[in-house]
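Undergrad: Position 251, counted from 1, in the sequence shown is what UniProt numbering calls 251; the numbers after and before it change by one each time, with no gaps.
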Amino acid sequence: MIGTMPDTETGEENCMHFSYADFNKVGATHLDYKMENITTQMATLSIKKLSAEEEYPDLSQHNNHMAKVLTLDMYKKLRDRSTPNGFTIDGVIQTGVDNPGHPFIMTVGCVAGDEETYDVFKEMLDPVIEDRHGGYKPTDTHKTDLNPDNLKGGDDLDPNYVLSSRVRTGRSIRGFCLPPHCSRGERRAIEKLSIEALSSLDGDLKGKYFALKSMTDEEQQQLIDDHFLFDKPVSPLLLSAGMARDWPDGRGIWHNDNKTFLVWVNEEDHLRVISMQTGGNMREVFTRFCTGLSKIESLFKQKGCPFMWNEHLGYVLTCPSNLGTGLRGGVHVKLPNLSKHDKFEEVLTRLRLQKRGTGGVDTAAVGGIFDISNADRLGFSEVELVQMVVDGVKLMVEMEKCLEKGGVH
Numbered sequence: 001m002i003g004t005m006p007d008t009e010t011g012e013e014n015c016m017h018f019s020y021a022d023f024n025k026v027g028a029t030h031l032d033y034k035m036e037n038i039t040t041q042m043a044t045l046s047i048k049k050l051s052a053e054e055e056y057p058d059l060s061q062h063n064n065h066m067a068k069v070l071t072l073d074m075y076k077k078l079r080d081r082s083t084p085n086g087f088t089i090d091g092v093i094q095t096g097v098d099n100p101g102h103p104f105i106m107t108v109g110c111v112a113g114d115e116e117t118y119d120v121f122k123e124m125l126d127p128v129i130e131d132r133h134g135g136y137k138p139t140d141t142h143k144t145d146l147n148p149d150n151l152k153g154g155d156d157l158d159p160n161y162v163l164s165s166r167v168r169t170g171r172s173i174r175g176f177c178l179p180p181h182c183s184r185g186e187r188r189a190i191e192k193l194s195i196e197a198l199s200s201l202d203g204d205l206k207g208k209y210f211a212l213k214s215m216t217d218e219e220q221q222q223l224i225d226d227h228f229l230f231d232k233p234v235s236p237l238l239l240s241a242g243m244a245r246d247w248p249d250g251r252g253i254w255h256n257d258n259k260t261f262l263v264w265v266n267e268e269d270h271l272r273v274i275s276m277q278t279g280g281n282m283r284e285v286f287t288r289f290c291t292g293l294s295k296i297e298s299l300f301k302q303k304g305c306p307f308m309w310n311e312h313l314g315y316v317l318t319c320p321s322n323l324g325t326g327l328r329g330g331v332h333v334k335l336p337n338l339s340k341h342d343k344f345e346e347v348l349t350r351l352r353l354q355k356r357g358t359g360g361v362d363t364a365a366v367g368g369i370f371d372i373s374n375a376d377r378l379g380f381s382e383v384e385l386v387q388m389v390v391d392g393v394k395l396m397v398e399m400e401k402c403l404e405k406g407g408v409h
């Protein structure tokens, strides 16, 4: 889309997400508790109807991180476990089972159904995370830095080449299941909380919420024209993970009046926060991103609903690929000559950057315009990742200018 695109307190009670133990404390009947035990036992009996050998998925033709890690012995060990919310190993891996992947494109192949998923199934997820995030160990500690003053430069990317700049991330609200496993009621409660919090923003961040299920034709067309609207998922990866259940119930888009700060509600994550504008002033974009995100986090904490975060994984999100910062900072930049150079891919790799086509994932570059962004998410701070983009894009623009003049390197 050209031109778009930690706290340890729990807060479960305020977030309307009670465990049965908590519910008993506030007056649940003995019958409720007994029925819960019966339901759990029935689910366990159902799981054990067939052996692990009979239920183990055929991963022989798969190319994803999950398939590399999940052995039969591991499946046997994890099969009878579930998180407190009832998410099982089969829920974790189903999207990777259904989507073998491409021989040359390694996908993740698994999702989390709640915050506890990453602990209950750590025997599988730790190796997946280590493999996907360049050797990030189970003992490693993630660092967070949302102080835009620590960014060096970033306000001088050449607008003749850099058409737009943006920074986005995801956030999950503690006490709720993640999108692959959340209920309709949870999703609606997340939407209600989000509307209440976002409506408190003022100044340059003041804006309006548009619910997908009730927006007018005019509002929908305007959001399409602004490249803000997200559609019902059609990707098999997302559909297999249950991301499109009950669509469009509980989903919506909030943006400020200046149309430079957006929040998507209940898409792939509980919240997707985006700051963007035309031109190459990444510093301004990142400053707005940090300011808005910090205010939103504070508003949710005031409601007793902090974001999911821990020292090892950073911010916890649905897909293991987005753990840590969840941040993708990028630009649409014109590189018609450099993109044809046989060293283009090597340059991107050395700069820890990745490219997409003009329209995003799995699209072609139009007119030599590429979507260039950071390749890492976990193990680096937000400032460090945006710094990589600023420095890397600046260098590539200089290379492009050199090639325009006939220079060869």
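Glycine included, each C-beta is placed from N, C-alpha and C at the ideal position.
What does a CB cutoff of less than 8 Å around Glu404 pick up in its chain, not counting 5 residues either side in sequence?
TA: On the sequence shown, residue 404 is found 404 positions in, with the first residue counted as 1. Once the five neighbours on either side are set aside, the close Cβ partners of Glu404 are Asn337.
Undergrad: What residues in its chain sit with their C-beta under 6 Å from that of Ser200, if we drop five residues either side in the sequence?
TA: What you label residue 200 is simply residue 200 of the sequence shown in a count that begins at 1. Leu299, listed in sequence order.
Undergrad: Could you compute how far the alpha carbon of Asn99 sits from the alpha carbon of Arg132?
TA: Indexing the sequence shown from 1 puts residue 99 at position 99. Indexing the sequence shown from 1 puts residue 132 at position 132. When rounded, the distance between both Cα atoms is 17 Å.
Undergrad: Does Met42 pass the burial test, meaning 16 or more other C-beta atoms within 10 Å, or should it be called exposed?
TA: Residue mapping note: residue 42 aligns to position 42 of the sequence shown, counting from 1. For Met42, the predicted structure reports a pLDDT of 48, less than 50, and the residue's modelled location is therefore unreliable. The matter cannot be settled from this model.
Undergrad: If you count every other CB in all the chains shown that lies within 10 Å of the CB of Phe104, and 16 or more means buried, which is it?
TA: Sequence index remark: in the sequence shown, residue 104 carries index 104 (1-based). Looking at its Cβ environment, which holds fewer than 16 other Cβ atoms inside 10 Å, Phe104 is exposed.
Undergrad: Please determine if the segment 300-310 and the segment 172-187 are in contact, where contact requires at least 3 C-beta pairs separated by less than 8 Å.
TA: yes
Undergrad: Could you check what DSSP says for Thr117 in three-state terms: helix, strand or coil?
TA: Within the sequence shown, numbered from 1, the residue matching residue 117 stands at position 117. The answer is helix: DSSP assigns Thr117 an H, G or I state.
Undergrad: Pick from Phe87, Leu205, Asn63, Pro57: whose alpha carbon is nearest that of Val120?
TA: The sequence position of residue 120 within the sequence shown is 120, counting from 1. Measuring from the Cα of Val120, the nearest candidate turns out to be Phe87.
Undergrad: Beta-carbon within less than 8 Å of Asn258's beta-carbon, same chain only, minus the 5 sequence neighbours each way: which residues are those?
TA: The residue you call residue 258 lines up with position 258 of the sequence shown. So the qualifying residues of the chain are Asp204.
Undergrad: Can you tell me whether Asn394 is buried or exposed? The criterion is at least 16 other CB atoms within 10 Å of its CB, across all chains shown.
TA: The sequence position of residue 394 within the sequence shown is 394, counting from 1. With the sequence shown as reference, residue 394 is identified as Lys, and Asn is not the correct amino acid for it. By the neighbour-count rule (16 or more Cβ atoms within 10 Å), Lys394 is buried.
Undergrad: Run through DSSP, which three-state label would Thr318 get?
TA: Start at 1 with the first residue of the sequence shown, and residue 318 comes out as number 318. Coil, per DSSP.
Undergrad: Identify every residue that forms a DSSP beta bridge with Arg171.
TA: Mapped onto the sequence shown, residue 171 falls at position 171. DSSP output for Arg171 lists Leu271 as bridge partner(s).
Undergrad: Using three-state DSSP, classify Ala112 as helix, strand or coil.
TA: The count along the sequence shown starts at 1 and reaches residue 112 at position 112. Ala112: coil per DSSP, three-state reduction.
Undergrad: For Ala197, does the three-state DSSP call read helix, strand or coil?
TA: Position 197 of the sequence shown, counted from the first residue, corresponds to residue 197. The answer is helix: DSSP assigns Ala197 an H, G or I state.
Undergrad: Return the Cβ separation of Asn147 and Val383 in integer angstroms, given the expectation that the two are a contact with Cβ distance under 8 Å.
TA: The residue labelled residue 147 in the question sits at position 147 within the sequence shown. The residue labelled residue 383 in the question sits at position 383 within the sequence shown. Between the beta-carbon of Asn147 and that of Val383 there is about 7 Å, and that keeps the pair under the 8 Å contact cut.
Undergrad: Any contact between the segment 246-260 and the segment 212-221? By contact I mean 3 or more CB pairs, one from each, below 8 Å.
TA: The answer is yes - the segment 212-221 touches the segment 246-260, with three or more Cβ pairs under 8 Å.
Undergrad: Hey, could you find the ends of the beta strand (DSSP E) Ser240 is sitting in?
TA: On the sequence shown, position 240 is the one that residue 240 refers to. Taken as a continuous stretch (DSSP letters only), Ser240 belongs to no beta strand (DSSP E), being part of the alpha helix (DSSP H) at 236-240.
Undergrad: Leaving out the 5 sequence neighbours to the left and right, which residues in its chain are closer than 6 Å to Arg81 when beta-carbon positions are compared?
TA: Residue numbering aside, residue 81 sits at position 81 when the sequence shown is read from its first letter. Val120.
Undergrad: State the CB to CB distance for the pair Ile274 and Ala197, rounded to an integer number of angstroms; the pair is presumed to be in contact (CB under 8 Å).
TA: For the purposes of this step, residue 274 is taken as the residue at position 274 of the sequence shown. For the purposes of this step, residue 197 is taken as the residue at position 197 of the sequence shown. Not quite, the Cβ-Cβ distance comes to about 16 Å (not below 8 Å), so this is no contact.
Undergrad: Span of the beta strand (DSSP E) holding His255?
TA: Within the sequence shown, numbered from 1, the residue matching residue 255 stands at position 255. From DSSP, the beta strand (DSSP E) with His255 extends over 252-256.
Undergrad: Give me the DSSP bridge partner(s) of Val331.
TA: Locating residue 331 in the sequence shown gives position 331, counting from the first residue. Ser165, Ile372.
Undergrad: Exposed or buried, Ser51, counting other C-beta atoms within 10 Å across all chains shown (16 or more means buried)?
TA: Here the question's residue 51 lines up with position 51 in the sequence shown. By the 10 Å Cβ count, Ser51 comes out exposed.
Undergrad: What are the complete alpha helix (DSSP H) segments, minimum 4 residues, inside the UniProt domain "Phosphagen kinase N-terminal" (48-134)?
TA: Unbroken alpha helix (DSSP H) runs of no fewer than 4 residues, entirely contained in the UniProt domain "Phosphagen kinase N-terminal" (48-134), are found at 52-55, 65-69, 72-78, 89-98, 117-120, 122-132, following chain order.
Undergrad: Can you tell me whether DSSP reads Lys208 as helix, strand or coil?
TA: Within the sequence shown, numbered from 1, the residue matching residue 208 stands at position 208. Correct three-state label for Lys208: strand.
Undergrad: Using CA coordinates, which residue listed in Glu115, His102, Ser60, Thr95 is at the minimum distance from Thr83?
TA: Position 83 of the sequence shown, counted from the first residue, corresponds to residue 83. For Thr83, the nearest C-alpha among the options comes from Glu115.
Undergrad: For Met243, which three-state DSSP category applies?
TA: Here the question's residue 243 lines up with position 243 in the sequence shown. When secondary structure is reduced to three states using DSSP, Met243 falls in the coil class, being assigned neither helix nor strand.
Undergrad: For Gly314, which residues of its own chain have a beta-carbon under 7 Å away from its beta-carbon, when the five flanking residues on both sides are left out?
TA: Against the sequence shown, residue 314 aligns to sequence position 314. If we look at Gly314 and ignore the five residues flanking it on each side, its Cβ neighbours are His142, Thr144, Leu323, Gly324, Thr325, Leu378.
Undergrad: Is Lys77 near Glu123, with beta carbons less than 8 Å apart?
TA: In the sequence shown, the residue the question calls residue 77 occupies position 77. In the sequence shown, the residue the question calls residue 123 occupies position 123. Cβ atoms of Lys77 and Glu123: closer than 8 Å.
Undergrad: Mind checking who Leu353 pairs with in its DSSP beta bridge?
TA: Counting from one through the sequence shown, the residue named residue 353 turns up at place 353. Within the DSSP bridge table, the entry for Leu353 names Asn374 as partners.
Undergrad: What's the gap between the Cα of Arg283 and the Cα of Phe230?
TA: Counting from one through the sequence shown, the residue named residue 283 turns up at place 283. Counting from one through the sequence shown, the residue named residue 230 turns up at place 230. Cα to Cα, the separation comes out at about 26 Å.
Undergrad: Given a cut-off of 8 Å on the beta-carbon distance, is the pair Val263 and Val333 in contact?
TA: Residue 263 sits at position 263 when you count from the first residue of the sequence shown. Residue 333 sits at position 333 when you count from the first residue of the sequence shown. For Val263 and Val333, no; Cβs fall outside 8 Å.
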